[in-house]
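>
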Amino acid sequence: MSIFSPDVARDFPGEGTLDKRKSRMGILFILPWIIGLVAFTILPMGASLILSLTDYNLNTPTEINFIGLDNYVNFFQDPIVGVSLGATLKFAVISLPLAIFLPVLLAALLNSEFLAGKRLFRLLFYVPYMVPVVSSAYIWSGTLNTETGWVNRLLESIGIAGPNWMYSIDWIYPALVLIGLWGIGNAMLITLSGMQGVPTELYEAARVDGASYLRRFRHITLPMISPVIFYNLVLSVIGLFRYFETPFILKGPTGDPGNSTLFFNIHLYKEAFTFKNMGYGATLAWMLFLMAFTVTIFLFTTSKYWVYYSSGDKD
Amino acid sequence: MNAYQSRQARLGMTASVTLFACLLLSAFLLPFVYGTLTAFKDKDQIVASATGSIFPMTGETATIDGTAYPIYEVPMPDGTVRELALIAGRRNDSTFIDPADPTATPIEWEGRWRQLEQVMFFDPKFGNFGEVWNGVNFPLLLGNTMAIALFGVVGTLISSILVAYGFARFPIPGKRLLFLLLVGTIILPRQVTLVPTYAFFSIIGWTGTWLPLIIPHFFANAYNVFLLRQYFMTLPRDLDEAAMIDGASPLRVLLSVIIPQSWPAIVTVGLFHIVFAWNDYFEPLIYLLGKPELQPISVGIQRFNFIYDQQPHLIQATAIIGLAVPVLLFIFAQRFFMRGVVVTGVEK
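Taken in order, these protein sequences are the chains called A and B.
So for the first sequence, this note's numbering puts the first residue at 6; every next one is plus one.
So for the second sequence, this note's numbering puts the first residue at 378; every next one is plus one.
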């Protein structure tokens, strides 16, 4: 920018070049975000790191002692950490594959040349995503109710005795996954618009060569929408690391049934906001960050092997 | 295959794909229907609908001499079916009265009355909504939610527009890196920064007020900046350059040239924020703990339902009221929402 660009205008003497002036203006405009980034992200993360080395408790705010790495030692010995990571992992194993594949299948259906009333379907499949988590949690816990819910009634009508979704250690995860999948509309919409962006010439060429629908889907659609799938994957994984609201609304901090809903963030919530134990809470938060960071970096590293960016896209 | 056959085949495919989508959609929206119908029932109707009709139904009765008797569909020996009130049911025979003519001689009927079909009528309990409207104090919750949402909209619009304008139109050193950092904050779980932020807000006395739910939005948000920047980039630069040459300051250009052309993106950001504030649960939960008079709708509904654990119909009524605003907002402004989702989702 500096060496080869002509020395545009020194027409504001004493104020430097026009470029400098403009870049000062630009910084001024993005200043709100920079202040916010420092105040609400960078400083808190630093403070969090320092807090995690103390026994700071908001109930006794005047007593604060540096306790070195005690909180981290405690973290690795805390049996609830293992339990909560286990719960999060079990939930992830069921929900992640579904959260990745179902939006693609649904988008393929909504993109089908044979579907009538596309716009209406797209709208209605999206609507549950707009339902506040409090409402969706209660609506689903009613729908999954053993005696009066409709899911078990439907299962019964085809001769299957429905499980006790909300109160069984085994079925609570599928139940929570169902509740989560109700919000599939957002990922579906993004995938759908990805599919609509695939150049039609590609399909026409493949059709001329006699490729079946499945082959076209596998060899044209999937590679072309892989950036969108990657985006959904990253968002789903991040969603797992912040998973809190649905189990908390339904079960509170109890972890019922049998600690199965004691997800990592519920443990964090109890330590930090119920017991006001900021030191250990900050430790849990930092470990959460390290885990999320590691997984995200891992995902981005693998992406170059399977995510296809057409040359114009990388800008 | 001739043209007629291929049109037939196409029609058949369209019919089956559309039918499949309809079935899938019905299953998908089933919980809505369940929640809505349950919200109109009372406890007895919920129990009854576990095996019977899915609708809020009540058995028809006839009041004779101050006592209510249930009405059944009774097959008569002559082959007709009459709707009669059961006044005395025994194992193998029963006594009925014709509710249209209660003074007539009671009718003795042979057969098991338990196998008869009771006459039902559609009886939705609209009162559930009135009960929770006052019980949960929805006017207060809605007012709180609106206030928090609107202050937040003002904050996020002012800040995000300024920041997006900066990123879209000015040469800033390290701009690509900064922008990457901005987008990167999207993937940071908020729990990570919450503990010290909470401690800080608690020390400066902001916990138990709306400030932690409003003030941070005055410092721009990655999604909104991204969406607005993408939009600003599509606007031709000729107009703002012309205005600059005429001596307009950058802020003047923003106000008189950029913003008037960008209202679709600005409306989208506003709508997204309203829905965000409406649905947000975690932060109001921790910051407004023990302050029911300040809580928004999400936290208020949950607090109420913890107390009314044994009243599933009232819980469903609160859930339906809770979703009404965001869902209606989405349906009426779907184009803004969908465009916004696509811009932030696909173009990154």
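Idealized CB from N, CA, C, for every residue including glycine.
Here the structure is a predicted model, which means the values were calculated and not measured.
1) What residues in the stretch 160-184 of chain A bring their beta carbon closer than 7 angstroms to a beta carbon of chain B?
2) Can you have a look at Q687(B) and say buried or exposed, based on whether 16 or more other CB atoms are within 10 angstroms of its CB?
3) Mapping DSSP to helix, strand and coil, what is E487(B)?
4) DSSP on L23(A), reduced to helix/strand/coil?
5) Give me the chain B residues within the contact set of D24(A), using Cβ-Cβ distance strictly less than 9 angstroms, ordered along the chain.
6) Starting from the beta carbon of T148(A), find every residue of chain B whose beta carbon is closer than 8 angstroms, and list them in chain order.
7) Would you check if there are 3 or more beta carbon pairs closer than 8 angstroms linking the stretch 511-531 of chain B to the stretch 622-636 of chain B?
8) In the DSSP output, what is Y449(B) paired with across the bridge?
9) The beta strand (DSSP E) that contains T472(B), what's its start and end?
10) Ordered along the chain, which non-local residues of its own chain (more than five positions away) have a Cβ less than 8 angstroms from that of G73(A)?
11) Between the stretch 175-188 of chain A and the stretch 99-119 of chain A, do three or more beta carbon pairs fall short of 8 angstroms?
12) On the criterion of 16 or more Cβ atoms from any shown chain inside 10 Å, does N379(B) qualify as buried, or is it exposed?
13) Does the count of Cβ pairs from the stretch 193-202 of chain A and the stretch 224-243 of chain A closer than 8 angstroms reach three?
14) Would you mind reading off the limits of the beta strand (DSSP E) that contains A439(B)?
15) Is the Cβ of A398(B) closer than 8 angstroms to any Cβ of chain E?
16) So who's on the other strand from N62(A), going by DSSP bridges?
17) So that I know if they touch, is there some Cβ in chain B lying closer than 8 angstroms to that of S100(A)?
18) Closest to W510(B) by C-alpha separation, out of W486(B), A696(B), I708(B), G717(B), would be which residue?
19) Taking the straight line between their C-alpha atoms, what separation do you get for M434(B) and V496(B)?
20) Using only alpha-carbon positions, find the residue among I39(A), W38(A), Y236(A) that is nearest to W311(A).
21) Any beta-carbon of chain B closer than 8 angstroms to the one on Y143(A)?
22) Check the Cβ of W311(A) against every Cβ in chain B and list those closer than 7 angstroms, keeping chain order.
23) Return the chain-ordered list of same chain residues with a C-beta closer than 7 angstroms to the C-beta of Y208(A), the five sequence neighbours on each side being excluded.
24) Quick one: list the residues of chain A neighbouring I651(B), beta-carbon separation under 8 angstroms, in chain order.
25) Go ahead and label G190(A) buried or exposed: buried means 16 or more other beta carbons lie within 10 angstroms of its beta carbon, across all protein chains shown.
26) Can you tell me which of the three DSSP states G215(A) falls into?
27) When the Cβ atoms of the stretch 386-402 of chain B are set against those of the stretch 252-263 of chain A, are three or more pairs found closer than 8 angstroms?
28) Short of 7 angstroms Cβ to Cβ, which residues in the stretch 523-546 of chain B face chain A?
29) Once you ignore the five residues that flank R712(B) on each side, which residues in its own chain have a CB closer than 7 angstroms to its CB?
30) So is P593(B) buried or exposed if we call it buried at 16+ other beta carbons inside 10 Å?
31) Could you tell me the alpha carbon to alpha carbon distance between Y218(A) and S403(B), rounded to whole angstroms?
32) Please classify G429(B): does DSSP put it in a helix, a strand, or coil?
33) I'd like to know whether the C-beta of F9(A) is nearer than 8 angstroms to at least one C-beta of chain B.
34) According to the neighbour-count rule (16 or more other Cβ atoms, all chains shown, within 10 Å of its Cβ), is D320(A) buried or exposed?
35) Nearest to F405(B) by CA position, among F268(A), F249(A), W155(A), N270(A), is which residue?
36) Can we say the stretch 501-517 of chain B touches the stretch 464-477 of chain B, given the rule of at least three CB pairs closer than 8 angstroms?
Reading off the structure:
1) none
2) exposed
3) strand
4) helix
5) P548
6) L407, P408, Y411, G412
7) no
8) L461(B), Q495(B)
9) Taken as a continuous stretch (DSSP letters only), the beta strand (DSSP E) holding T472(B) covers 470-474.
10) L58
11) yes
12) exposed
13) yes
14) If you look at A439(B), you'll find it in the beta strand (DSSP E) that goes 438-441.
15) Given the protein chain composition of this structure (A and B), no chain E is represented.
16) N282(A)
17) no
18) Measuring C-alpha to C-alpha distances from W510(B) to each of W486(B), A696(B), I708(B), G717(B) identifies A696(B) as the nearest.
19) Cα-Cα distance, rounded: 10 angstroms.
20) Y236(A)
21) yes
22) The premise fails here: W311(A) is roughly 18 angstroms from chain B at the closest Cβ pair, so nothing lies under 7 angstroms.
23) R221, I225
24) Result: empty, since nearest Cβ-Cβ is about 11 angstroms, beyond 8 angstroms.
25) Classification of G190(A): buried, given that the 10 Å Cβ count is 16 or more.
26) coil
27) no
28) S536, L539, V540, Y542, G543, F544
29) Hits under 7 angstroms: none found.
30) buried
31) If I take the Cα positions, the gap works out to 26 angstroms.
32) Residue state for G429(B) is assigned as coil, using DSSP reduced to three classes.
33) Bear in mind that the predicted position of F9(A) carries a pLDDT of just 40, short of 50, making it too unreliable to give a figure here.
34) Low per-residue confidence applies at D320(A): pLDDT is 37, beneath 50, and the placement is therefore not dependable, though the value from the model is reported in the following sentence. So D320(A) counts as exposed.
35) W155(A)
36) Output reads no: the stretch 464-477 of chain B does not touch the stretch 501-517 of chain B.
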